[in-house]
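Residue numbers (UniProt numbering): 1 to 279.
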């Protein structure tokens, strides 16, 4: 059951699944905290039971959509994560982020290294290091945001699902595809539009030159079929002294969906070090 909290003046929805050491899971664009319920269940079957915190980021799920897109920026979201952890009485946590959530998780780990015991980034990027490329992406994000508001979710969700990066989702079971679509449809056109305007890739600062500051254990996870993000992760690993890189065979951009057992086994040592890797 989801709870709500007023954090820095905006309403966040989140779920807490009882367990031991706190772990904060941050979802991707068009997702919600619900995405990670099966991941937590699989970890539990492996004997790993973190205190799982699953928030809906602003503009997603049941969380609020502020009228000012700058309130959804990565920098503001870092402050919101501080507020959420404080609200829950949690001083440190293990931090997991997928795609957009991975960009937020990376920003948080750089800004608050003392609160992050370990960092897991799935299919995530430190941003675009070319200013011209960032500006072009910003214009694309704004154009898509306008179109989402104009045409609505009935147009946008199928449009988003047809992106080449999600081509491997065609192999997912029908029930899983339906579940993911239901999660996407639980958001709103305005929410997704504002998220693009506030924390789209074009507005994310480039963190490439800051990666060497990460001192906590870091695991980068990508799918073997996701060539772009696997190459990004390889480049990231060369700059992060404490990083390891797990490539999940048979998966694309969403290993947690496409190869859930392999994925759970890969992240297990980071979220529950005492358990180690399952056989």
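Using N, Cα and C, we set each Cβ at its ideal position, and we do this for glycine too.
Nearest CA to the CA of residue 259: which residue from 141, 223, 180 and 129? That would be 223, whose Cα lies nearest to the Cα of residue 259.
Is the Cβ of residue 252 closer than 8 Å to any Cβ of chain C? Checking the listed chains, one finds no chain C in this structure; it contains a single protein chain.
Would you be able to state if there are at least three C-beta pairs under 8 Å between the region 201-221 and the region 233-245? Contact holds between the region 233-245 and the region 201-221, because three or more Cβ pairs, one in each stretch, are under 8 Å apart.
Would you mind listing the beta strand (DSSP E) stretches within the region 194-226 that are 3+ residues and don't spill past its ends, in chain order? 218-223
Residue 235 to residue 245 span [Cα, whole Å]: 10 Å
Less than 8 Å between the CB atoms is what I'm expecting for residue 264 and residue 39, so what's the real figure, rounded? 6 Å
Drop a sphere of 10 angstroms on the beta-carbon of residue 233, count the other beta-carbons inside from all chains shown, and report buried for 16 or more, exposed for fewer. Under this definition residue 233 is a buried residue.
Can you give me the C-alpha to C-alpha distance between residue 272 and residue 164, rounded to a whole angstrom? 34 Å
N-terminal and C-terminal residue of the alpha helix (DSSP H) that residue 264 is part of: Start and end: 260-271.
Can you name the start and end residues of the beta strand (DSSP E) that residue 4 belongs to? 3-7
Three-way DSSP call (helix, strand, coil) for residue 124 in this model: coil
Closest by CA to residue 219, which one among 188, 266 and 254? When only C-alpha atoms are compared, the closest one is 266.
CA-CA distance, residue 78 and residue 255? 25 Å
Quick check on the DSSP output: what are the complete alpha helix (DSSP H) runs of length 4 or more inside the region 226-262, in order along the chain? If we require 4 residues or more, the alpha helix (DSSP H) runs fully inside the region 226-262 come out as 227-237 and 255-258.
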